[in-house]
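Below is one structure; the comments refer to it alone.
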Amino acid sequence: MVEFLLTFSGSLMLGALLVLINIKAAYHPYHKTVPLIFSSLLILGFGLYMSMIASLEGETAITTMRQATSLAVNGLLSTFPVFFALVTLMMLRISVRPQ
Amino acid sequence: MTGWWLQWWIGLFLMVSGFSMGRMGPAFSRAKIGYPLALFGLGLAFFSPEEGLISNEQIASETMRQTLYWAVPGLFGCFIVARGAPIYNVTRPTILAIGWAILIFSWYVLLTHYDLFGHDVVSGVITIVGLIIVFIAHMFTIRMVESLPRSNETILPLSEIEKTYVASVLNRHLEDRGD
């Protein structure tokens, strides 16, 4: 149960970090980034709080964050074969489509 | 405890940054360095030492390595198949066959060298659910921001340099279509 909670909080933090990196990398002057940064930081903080509750006592915030986010990365990677199967089916479909 | 774990995380963040830069349209100058940056990040993460990584990071790093062995030929195969697939009555059977050969090879690597059933399905589902929640929150925020009344500030016209740049982009695309 603790591991599932850590994975969930890690996925929230991972998602928030992905959004923050994307905002920074894809920035242009007409972007209204402040509300997006604020909402992402809110989700990041909530995920960190959840992971701190779920993790062992005495662990620092950065260690807890690393533990939870790497669990989420692992969970995400484990779903890749399913997506690859779907993409292969799509490739099959475009290969044999009628002229 | 060493600081080598940072290399793994920096590699992952550079991958995401590079992909974000590479796929976007308006930042033409940044888009050029996007995919090389993502490749550099991939290299950093792939060749990061195990030293300093905590247990979950070690598992994730190992899973990432195992995934890359089949995902790289798989992506390449999909790209070749897409290039060889019949479009507007033009068929390229040789390219299609090469693409499918690479795709079958990647499936062979996946089924023989990847621990397909060694991963916890529930963790994968929980991660996807968490990411979907973040995505929904992100979309909700964008919708809220876009619905706010616009300010009365006047947007400045394009500068001469920007005009020349836009004209050169349009010319390049129109020339491509005119062939």
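Going down the list, the protein sequences come from chains P and V. Add 34 to a position in the first sequence, counting from 1, and you land on the number used in the working numbering. Add 40 to a position in the second sequence, counting from 1, and you land on the number used in the working numbering. Quick reminder that beta carbons are idealized off the backbone N, C-alpha and C, glycines included. Note that this is a predicted model, so its numbers are computed, not measured.
On the DSSP bridge list, what partners appear for residue i?
i: V/Ile127; result: V/Val130
Measure the Cβ-Cβ separation of residue i and residue j and say whether it is below 8 Å.
i: P/Phe38; j: V/Val112; result: no
i: P/Gly49; j: V/Phe59; result: no
i: P/Ser43; j: P/Ala88; result: yes
i: V/Gly117; j: V/Ile99; result: no
i: P/Leu40; j: P/Ala102; result: yes
i: V/Tyr75; j: V/Gly62; result: yes
i: V/Val121; j: V/Trp140; result: yes
i: V/Glu97; j: P/Ser112; result: no
i: V/Thr181; j: P/Pro63; result: no
Could you round the C-beta distance between residue i and residue j to whole angstroms and report it? I think they count as a contact, below 8 Å.
i: V/Pro95; j: V/Trp44; result: The identity of residue 95 of chain V in the sequence shown is Ser, whereas the question assumes Pro. 15 Å between Cβ atoms; not a contact.
i: P/Ser74; j: P/Val53; result: 5 Å
i: V/Gly114; j: P/Phe118; result: 6 Å
i: P/Asn108; j: V/Thr103; result: 5 Å
i: P/Ile77; j: P/Leu46; result: 6 Å
Which chain V residues sit within Cβ distance under 9 Å of residue i?
i: P/Thr97; result: Ile94
i: P/Met35; result: In chain order: nothing, as chain V lies at least about 11 Å away.
i: P/Met125; result: Gly117, Cys118, Val121, Ala122, Ala125, Gly139, Trp140, Leu143
Could you tell me whether any Cβ in chain A is nearer than 8 Å to the Cβ of residue i?
i: V/Glu97; result: Among the protein chains of the structure shown, namely P and V, there is no chain A.
Run through chain P and tell me which residues come within less than 8 Å of residue i, C-beta to C-beta.
i: V/Ile142; result: Going along chain P, no residue has its Cβ under 8 Å from V/Ile142, so there is no contact; the nearest lies around 11 Å.
i: V/Leu299; result: This structure does not reach residue 299 of chain V, given that chain V is present from 41 up to 219, and the question cannot be answered.
Could you name the residues of chain P that residue i contacts, counting a contact when the two beta carbons are closer than 7 Å?
i: V/Ala125; result: Ile128, Ser129
i: V/Gly114; result: Phe118
i: V/Gly164; result: Gly109, Ser112, Thr113
i: V/Ser60; result: Ile55, Asn56, Ala59, Ala60
i: V/Ser57; result: Ile55, Ala59
i: V/Thr107; result: Leu111, Phe114
i: V/Ala269; result: Since the first and last residues shown for chain V are 41 and 219, residue 269 of chain V lies out of range.
i: V/Phe53; result: Ile55
Could you check if residue i belongs to the surroundings of the ligand FAD, using beta carbon to heavy atom distance under 7 Å?
i: V/Leu136; result: Annotation note on the ligand FAD: not contained in the displayed structure, which lists no ligands.
For a contact meaning CB atoms closer than 8 Å, what does residue i contact in chain V?
i: P/Thr41; result: Ser163, Ile166, Thr167, Gly170
Just the chain V side, please: which residues come within less than 7 Å of residue i by C-beta, in chain order?
i: P/Ala88; result: Correct list: empty, because the minimum Cβ distance to chain V is about 13 Å.
Short-range partners of chain V found in the region 63-82 of chain P, where Cβ spacing is below 7 Å: Lys66, Pro69, Leu70, Ser73, Ile77
Short-range partners of chain P found in the region 169-200 of chain V, where Cβ spacing is below 9 Å: Val169, Gly170, Leu171, Ile172, Ile173, Val174, Phe175, Ala177, His178, Phe180, Thr181, Ile182, Met184, Val185, Glu186, Leu188, Ile195
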